[in-house]
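Following full-length UniProt numbering, the numbering of the sequence shown begins with 1 at its first residue and continues without gaps.
For each residue, glycine too, the CB sits at the ideal point set by N, CA and C.
What follows is a short report on a single structure.
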Amino acid sequence: MHRLLNRQPSTTAACTASLNAVRFANMSSRKVLPDISSNNGLSWKVFRDDAHKLIDHIADRHEAAEAAVTGSLCEPLVGGHWSGKADLSGMERVLEDCAATSRSTHDPPTTSPFSSVVEDVQSISSGLIDWQSKGFMSFFPGQLSPAAMLGELLALSYNHAGFAWSTCPASTELEFRVVNTMGRLLGLPAAFATSADSSGGGSIHPNATEGLLVAMIAARDEKKRLLALNQGQAGTSSFPFTCYTSDQSHFSVEKACKMAGGITLRKVKTILDPRCENYPLHPTTLEEMIVEDMMNGQIPLMIVGTVGTTATCAIDPTRQLASIAKNAGAWLHIDAAYAGAAALCPELRPIVFDGIELCDSVSVNGSKWMAMSMGCSFFFTQHLSLITKALSCGASYVPQPPPGVHDLKDVSIGMARPWTSLKVYSVLRCVGVDALQGMIRRHVILAEYLDAKLRAHPSIDCVVRPVLGLVVFRVRMLSDESNAELQRRLSAHRNILVGASRVDTRFVLRVSLAHIHLTYDDVDNIYIAISEELKKFESTAHVQ
């Protein structure tokens with residue numbers, strides 16, 4: 001033992017080195033690698049054949065939907081819900097096989113050609129709402145164009161993370177250029193553009209909710225900083241912050257308040273404004289609520305105005321809201337997810353974006369009314385530096401961007417992100433602004449046409465003036481339950497899915513003209529379906 005304790009360090013090191021040499025020599029020998037070369041799901045040669053067939057399948061399905069008066073939708077509504085009869089048992093068995101852990105090495109799991117995936121999807125198609133059908137008129141459009149699909153496929157083929165300039169400078173800089181271009185097309189002031197001469201800028205998010213959340217986090221952090229500076233409240237972790245919005249605004253405002261944390265949401269009740277025949281947020285009511293809350297110790301953080309509410313496409317008065325926000329020291333965000341696209345048309349811009357230069361941030365979806373497919377929302381702000389200050393993060397393994405360049409990870413919630421700007425670029429280059437403007441103008445004209453026909457019907461009450469592609473109505477003498485039944489019958493018997501909401505506590509039906517290629521004949525068929533179902537239904541329905 002004494003000899004072991006007194007062994008020379010050099011001897012110990014030599015022994016360790018010798019053992020490591022033997023171990024690493026064994027590790028450096030070539031072991032047999034698992035063979036995956038024959039896997040068709042990893043073969044680009046097989047991909048080429050499968051992709052051609054899939055493109056044909058997709059094009060055939062969409063061409064058939066365009067040719068039909070109304071395309072295939074889904075199982076009919078039952079009690080306000082879809083029956084969910086789609087059979088997923090086959091797909092469930094496949095997933096169970098994938099998850100099985102008791103296979104022997106002599107019985108490897110089998111794989112299938114991609115055509116089997118297409119067949120599996122067709123087997124559950126009765127449980128899929130086809131948002132690209134001419135019969136889909138619920139919610140708002142979720143438009144898809146061939147250019148968007150091809151652009152997304154091309155972007156996916158590169159499959160880079162794209163969260164920092166250092167990982168892919170081209171996609172980073174393309175995003176800022178594409179968003180700047182969209183801002184100019186929408187008529188936004190230069191203060192919303194990313195440039196050396198502006199403190200503002202924009203980015204692309206998966207949805208408008210994330211854009212709102214980003215703005216709310218930045219507003220919260222800046223408000224905390226100002227309170228600490230002006231009132232000496234440094235170190236205070238909790239403030240009684242309040243966010244104000246209309247009772248017609250999207251529920252994403254409530255979600256953003258929850259995610260940002262510690263923010264109370266106050267909804268302003270709307271009433272019919274005879275000047276616009278709709279339900280916008282009333283500035284006086286909002287101002288009175290804010291004054292009362294401030295007297296009770298609340299701190300106004302944000303006002304969220306909406307340009308195109310889901311229920312009635314109401315347009316909140318941005319200019320008046322901006323004045324209230326300035327006096328209260330609150331951030332003004334405008335949710336223009338749907339109707340903001342109308343600003344592509346110069347004649348519609350004053351309707352949707354009056355006073356937009358006074359807001360702090362605005363979101364406009366490319367996925368709804370610009371045929372750019374899901375997962376595309378443009379966010380513009382006059383305070384990009386506050387966004388990056390709130391969200392900036394980094395590590396030693398991520399190099400800093402060059403001066404004047406922002407990492408995309410510092411303007412959004414997520415890190416890795418798809419190359420959405422390439423999809424937008426594809427639509428702008430291949431579809432073009434003229435076609436997008438033409439589609440929007442067609443929908444506006446067709447909505448006014450349908451509204452006029454419905455107003456002429458003796459039993460139908462059009463609840464609001466038709467605005468930007470949306471028509472809202474109810475059957476005048478029928479109960480809410482009976483109006484809901486009419487919605488169900490249109491789905492079950494006519495394959496037309498119209499939306500529903502409540503306005504002034506009343507159940508209303510809403511027709512959102514969504515399909516890119518809708519015509520007068522299509523709208524006539526919608527009216528005929530509504531009037532014929534109503535005629536069959538009125539004799540037995542409960543009269544209110």
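Alpha carbon of residue i to alpha carbon of residue j, nearest angstrom
{"i": "Gly-71", "j": "Glu-175", "result": "Annotation note: pLDDT 39 at Gly-71 (below 50); position unreliable, no value reported."}
{"i": "Leu-156", "j": "Ser-512", "result": "31 angstroms"}
{"i": "Lys-368", "j": "Glu-485", "result": "28 angstroms"}
{"i": "Leu-391", "j": "Ile-496", "result": "44 angstroms"}
{"i": "Phe-380", "j": "Ala-193", "result": "8 angstroms"}
{"i": "Glu-277", "j": "Asp-504", "result": "13 angstroms"}
{"i": "Glu-448", "j": "Tyr-520", "result": "11 angstroms"}
{"i": "Arg-502", "j": "Ala-311", "result": "7 angstroms"}
{"i": "Gly-41", "j": "Thr-110", "result": "12 angstroms"}
{"i": "Ala-529", "j": "Asp-522", "result": "11 angstroms"}
{"i": "Leu-344", "j": "Ala-416", "result": "30 angstroms"}
{"i": "Val-121", "j": "Ser-133", "result": "17 angstroms"}
{"i": "Val-214", "j": "Ser-412", "result": "7 angstroms"}
{"i": "Ile-315", "j": "Val-352", "result": "7 angstroms"}
{"i": "Ile-36", "j": "His-160", "result": "23 angstroms"}
{"i": "Ser-531", "j": "Arg-489", "result": "12 angstroms"}
{"i": "Asn-474", "j": "Arg-506", "result": "In the sequence as displayed, the identity of residue 474 is Arg instead of Asn. Rounded to the nearest angstrom, the two C-alpha atoms are 9 angstroms apart."}
{"i": "Pro-346", "j": "Gln-143", "result": "22 angstroms"}
{"i": "Glu-66", "j": "Ala-208", "result": "29 angstroms"}
{"i": "Val-304", "j": "Val-253", "result": "8 angstroms"}
{"i": "Glu-173", "j": "Thr-181", "result": "12 angstroms"}
{"i": "Ala-256", "j": "Met-477", "result": "39 angstroms"}
{"i": "Glu-533", "j": "Pro-169", "result": "57 angstroms"}
{"i": "Arg-61", "j": "Ile-129", "result": "14 angstroms"}
{"i": "Leu-450", "j": "Gly-211", "result": "34 angstroms"}
{"i": "Thr-306", "j": "Ala-64", "result": "36 angstroms"}
{"i": "Ser-166", "j": "Pro-399", "result": "6 angstroms"}
{"i": "residue 545", "j": "Gln-487", "result": "This structure cannot settle anything about residue 545, because the visible part of the chain is limited to 1 through 544."}
{"i": "Val-433", "j": "Glu-292", "result": "46 angstroms"}
Cβ neighbours of residue i in the same chain (closer than 6 angstroms, five flanking residues each side left out)
{"i": "Phe-139", "result": "Gly-499"}
{"i": "Val-472", "result": "Thr-312, Val-463, Val-464, Val-508, Arg-510"}
{"i": "Pro-300", "result": "Thr-242, Ile-290, Ala-328, Ala-330"}
{"i": "Met-141", "result": "Residue identity check: residue 141 is Pro in the sequence provided, not Met. Taken in chain order, the residues that qualify are Lys-368, Trp-369, Ala-514."}
{"i": "Val-362", "result": "Ile-334, Ala-336, Phe-380"}
Beta-carbon contacts of residue i that lie in its chain and below 8 angstroms, excluding the five residues immediately before and after
{"i": "Gly-297", "result": "Pro-240"}
{"i": "Asp-50", "result": "Pro-113, Phe-114, Ser-115"}
{"i": "Thr-388", "result": "His-406, Asp-410, Val-411"}
{"i": "Val-268", "result": "Tyr-244, Thr-245, Ser-246, Asp-247, Leu-281, His-282, Thr-285, Leu-286, Met-289"}
Within-8 angstroms CB hit, residue i to chain B
{"i": "Leu-490", "result": "The displayed structure is made up of one protein chain only, and chain B is not part of it."}
Residue j beta carbon less than 8 angstroms from that of residue i
{"i": "Met-302", "j": "Met-374", "result": "no"}
{"i": "Gly-308", "j": "Ala-336", "result": "yes"}
{"i": "Leu-384", "j": "Asp-360", "result": "no"}
{"i": "Cys-430", "j": "Ala-147", "result": "yes"}
{"i": "Val-179", "j": "Phe-378", "result": "yes"}
{"i": "Tyr-425", "j": "Gly-151", "result": "yes"}
{"i": "Leu-408", "j": "Ser-203", "result": "yes"}
{"i": "residue 545", "j": "Thr-318", "result": "No statement about residue 545 is possible, as the shown extent of the chain runs from 1 to 544 and does not include it."}
{"i": "Ser-198", "j": "Ala-190", "result": "yes"}
{"i": "Gly-183", "j": "Arg-349", "result": "no"}
{"i": "Ala-341", "j": "Ile-445", "result": "no"}
{"i": "Lys-453", "j": "Tyr-527", "result": "yes"}
{"i": "Pro-402", "j": "Ala-164", "result": "no"}
{"i": "Ala-371", "j": "Ile-516", "result": "yes"}
{"i": "Ile-124", "j": "Met-91", "result": "yes"}
Residues sharing a beta bridge with residue i, DSSP
{"i": "Trp-331", "result": "Met-302"}
{"i": "Lys-267", "result": "Thr-245"}
{"i": "Met-137", "result": "Val-498"}
{"i": "Leu-509", "result": "Phe-473, Ala-500"}
{"i": "Asp-56", "result": "Bridge partners of Asp-56: none, in fact."}
{"i": "Ile-315", "result": "Val-307"}
{"i": "Leu-144", "result": "Met-372"}
{"i": "Asn-159", "result": "None; Asn-159 has no bridge partner."}
{"i": "Asn-278", "result": "Asp-273"}
Close-in-space but distant-in-sequence residues of the same chain around residue i (CB under 7 angstroms, 5 per side omitted)
{"i": "Ala-196", "result": "Gly-404"}
{"i": "Tyr-158", "result": "Trp-419"}
{"i": "Ala-219", "result": "Leu-301, Met-302, Trp-331"}
Where are the alpha helix (DSSP H) runs, 4 residues long or more, that stay fully inside the stretch 413-495, in chain order? 420-430, 433-455, 480-494
Which ranges would you report for the alpha helix (DSSP H) in the stretch 171-212 if only whole runs of at least 4 residues count? none
Which ranges would you report for the alpha helix (DSSP H) in the stretch 340-387 if only whole runs of at least 4 residues count? 349-352, 366-369
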